[in-house]
Structure formats: C-alpha cells, structure tokens
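Worksheet: one structure, shown below.
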Amino acid sequence: MLQRLKQVRKALGYTQTEFAKFLGITQTSYSMIENGIRPLSDKYVRIICITFNVSEQYLVSGQGEMFVSSPHKKELLDLFSQLLPDTQDYLLIMAKELLKMQQKIFECTSPLEDNTDGKNHKI
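For the sequence shown, counting from 1, position 106 maps to 106 in the UniProt record's numbering; every step adds exactly one.
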C-alpha cells in the first residue's frame, strides 16, 4: 500500500510536505508513513480517498483504477466548454478559492495528535 500511496501523491503532483498538509500532519510524520515506519491509519485512507477522489480499493489492495470517476465530471466539462473564455477564467479562480477553503477546513478539523501506536506523538 505504501508504494501506491507514493504513486497517488506523485500522480497528483504534490510534494510530501504539500500532501502532509492536506492530512494535517507534518512532512516528517508523512515521510514515516510513506516509508513504512508508521502505519497509514484507516482515517487517513478515508481522508485521501475523499479529498483526492482516490479509489479506496486501489489504495488498499491495488485493484481497480487509481482514481474514482466523478459522476459529475462529464457534466461539469460539458458546461465549462460552453462558457465564454472570460467566464471560464473566473470559474477556475473561484474553484481554486473553494479548494483553498476546503483545505483550511481540513486543517482545522485534523487532529493535533496521533495515537495509533499508543504513544503520544505530536504531529
């Protein structure tokens, strides 16, 4: 699973630091997960799958496609292509702002400590 985790991160174009930020943990903690020193908890599997539209089946077992196709993707692309170029630019700016807001929400709701091994680790 760790190799697939790294493949997902790289496919999305994120560094370990950037990816760790989405999970609400430090780069060091994330590196320990990616290198097999610490386990990837079910909670983080769910966060990764929901946030990045990753197939849980792929991440956990390697079966199926890496990403889940959104039922709204085709509709969104069709609507986007019908917009005027200036409106497309505006929509992209708004979508990026929404993503930033979503990231801040995840940062605010992510735990400050991880107790998966029974020890008190600040992350």
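Glycine included, every Cβ here is placed at the ideal spot set by N, Cα and C.
- Under the three-state reduction of DSSP output, Val54 falls in the strand class.
- With respect to the C-alpha of Glu65, the residue from His72, Val54, Lys74 having the closest C-alpha is Val54.
- Residue Ile50 holds the alpha-carbon nearest to the alpha-carbon of Leu23 among Leu79, Glu56, Ile50.
- Here Phe80 is not bridged, per DSSP, to any residue.
- Contact check for Val68 and Leu59: beta-carbon distance about 11 Å, past the 8 Å limit, so the pair fails to qualify.
- Our two residues, Arg9 and Phe19, have alpha carbons roughly 7 Å apart in a direct line.
- In the DSSP annotation of this structure, the continuous segment of the alpha helix (DSSP H) that includes Arg9 starts and ends at 2-12.
- For Thr26, no alpha helix (DSSP H) run applies, since DSSP gives it neither H nor E.
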